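Trainee: Position 47 of the sequence shown, counting from 1, maps to 46 under numbering that gives the first Met the number 0, and the rest follow consecutively.
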Amino acid sequence: MQATQTTSIQAKSLTILEDQLQHEFLACKKARFYAQQMQDAQLRGVASQIADAHCQRYDRLFNYLNAHA
């Protein structure tokens, strides 16, 4: 019984991580788009930093999932 519970928790964790991966990808893509649309250089820089942070989190999650899948 306990092994089944552990497997269920791992499957649920995997689902959560996959969802987060999708959210980070979309956030990165949107922030890059917004950065390209901004006329103000300072705002463009902030949006680019936000995009970079989302892309880095995406890469870390992607690598983690590949290493543990």
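Idealized CB from N, CA, C, for every residue including glycine. Bear in mind that the values here come from a model prediction, so they are computed numbers and not experimental data.
#1: May I ask you to report which of helix, strand or coil DSSP gives residue 58?
#2: Is it buried or exposed for residue 6, if we count other Cβ within 10 angstroms and need 16 for buried?
#3: In three-state DSSP terms, what is residue 38?
#4: Can you check which of these residues, 34, 13, 65 and 41, is closest to residue 51 by C-alpha distance?
#5: If distances are taken between C-alpha atoms only, which option among 55, 46 and 45 comes closest to residue 23?
Mentor: On the basis of the coordinates in this document:
#1: Locating residue 58 in the sequence shown gives position 59, where the first residue counts as 1. Residue 58: helix per DSSP, three-state reduction.
#2: Locating residue 6 in the sequence shown gives position 7, counting from the first residue. Unreliable placement is indicated for residue 6, whose pLDDT of 44 sits below 50; no coordinate value is reported for it.
#3: Working through the sequence shown from its first residue, we reach residue 38 at position 39. Three-state DSSP puts residue 38 in coil, outside helix and strand.
#4: Here the question's residue 51 lines up with position 52 in the sequence shown. Proximity to residue 51 across 34, 13, 65 and 41 peaks at 34, based on C-alpha coordinates.
#5: Counting from 1 along the sequence shown, the entry for residue 23 is found at position 24. For the residues 55, 46 and 45, the minimum Cα distance to residue 23 belongs to 55.
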